[in-house]
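Novice:
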Amino acid sequence: MSRTLTVATLFPLATVAAADEANASALVRRGAARDLTVETVTVDRADSFVGADVYLVGGTGRGGVAALVEALTSTDLAARVADGAVVLAVDAGLDAIARSWVDPSGARHQGLGLAPLTVHSAPEVTGTVVTRPDASLDLPALIGWEANDLRTVREDDARALFTLEVGAGNRTDEAVGETSEGVLAGSVIGTRLHGPLLALNPELADLVLARATQRSEQWPALESPAVDRARRERIAEARRTAPKAEWRSRLPGPVAARLRR
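Residue numbering for the sequence shown is 841 to 1101, as defined by my numbering.
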């Protein structure tokens, strides 16, 4: 029997979506392939907040983070997450749910505290990101786009969502020879990668659905020839055009660390 999940997109007008609104429809499609019925709803006012299995929040642009934090604070999102609801927070959404974040002037503000991290100013980076495969999450190499001037510092031993082959990521792991990106803390999934991320990487949609359904075993493999081909082409292009200085980032972390000695 098909299970029904509710996916709520939260306050999409607070930030520039950068195609992230397509993440909801990607969950609908992937859910159907997994014998799940996924219903979507958009919440654009605090008084229209609804209970959901998955909450999508964020986009790009720090100019809207303050409004996003204010809107989210007026909801019971924190209580829903404590009860097991999944949050996928993208870029500005990651700032909003962090313990603290910085505005374009460099001033520090309090976030919702749903993700164990703090956000700091850094030089701007833009470009295609290629992640390393992660067998523990059943993820192949994935593709995305980063464009930010931030450093994301994980706390409380929270794990990264990805390690990267190409890209700047969180910009906090240079000493150990790895490049991390995002955060995975319980039912909170945070990243700065756009794409739209779930449409480009349906395996990541599987991770969201697995967390929402509390599924522990791996999903059966699904063939997605068009998606796989497009992703392979973009990964190959990213590898060709990656700065030469990043060659160490393609090595396993311990090997890169030894080369620095």
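Glycine included, C-beta positions come from ideal geometry on N, C-alpha and C.
With a CB to CB cut of under 6 Å and the five nearest residues on each side skipped, what residues in its chain are close to G984?
Specialist: Correct list, in chain order: V969, L1033, G1035, L1037.
Novice: Among the residues of its own chain, which have a CB less than 7 Å from the CB of A1085, if the five just before and after it don't count?
Specialist: In this prediction, A1085 has a pLDDT of 47, which is less than 50 and means its spatial position is unreliable; nothing more can be read from the coordinates.
Novice: If you run the structure through DSSP and keep just helix, strand and coil, what is P1042?
Specialist: Helix, per DSSP.
Novice: Tell me the DSSP secondary structure of G933 in three-state form.
Specialist: DSSP places G933 in helix when its eight states are reduced to three.
Novice: Counting along the chain, where does the beta strand (DSSP E) carrying S940 start and finish?
Specialist: From DSSP, the beta strand (DSSP E) with S940 extends over 940-942.
Novice: Can you list the beta strand (DSSP E) stretches of 3 or more residues lying completely in the segment 955-1037, in chain order?
Specialist: Within the segment 955-1037, the complete beta strand (DSSP E) runs of at least 3 residues are 957-971, 983-994, 1002-1006, 1023-1025, 1028-1031.
Novice: Assuming A1025 and A998 make a contact with CB atoms under 8 Å, what is their CB distance in whole Å?
Specialist: Yes, A1025 and A998 are in contact; Cβ-Cβ is about 5 Å, under 8 Å.
Novice: If we count the other Cβ atoms within 10 Å of its Cβ and call it buried at 16 or more, is S1027 buried or exposed?
Specialist: So S1027 counts as buried.
Novice: Helix or strand or just coil, what does DSSP make of A912?
Specialist: Just to set this straight, residue 912 is Leu in the shown sequence, not Ala. Correct three-state label for L912: helix.
Novice: Using only the alpha-carbon positions, how far apart do A1120 and R885 sit?
Specialist: Because the chain spans 841 through 1101 in this model, residue 1120 falls outside it and cannot be assessed.
Novice: Take V883 and list the residues in its own chain whose beta-carbon comes closer than 6 Å to its own, dropping the five residues that flank it on each side.
Specialist: Around V883: A848, L850, F889.
Novice: For E861, name the three-state secondary structure that DSSP assigns.
Specialist: Three-state result, E861: coil.
Novice: Would T958 and A938 be called neighbours here (beta carbons separated by less than 8 Å)?
Specialist: For T958 and A938, yes; Cβs fall inside 8 Å.
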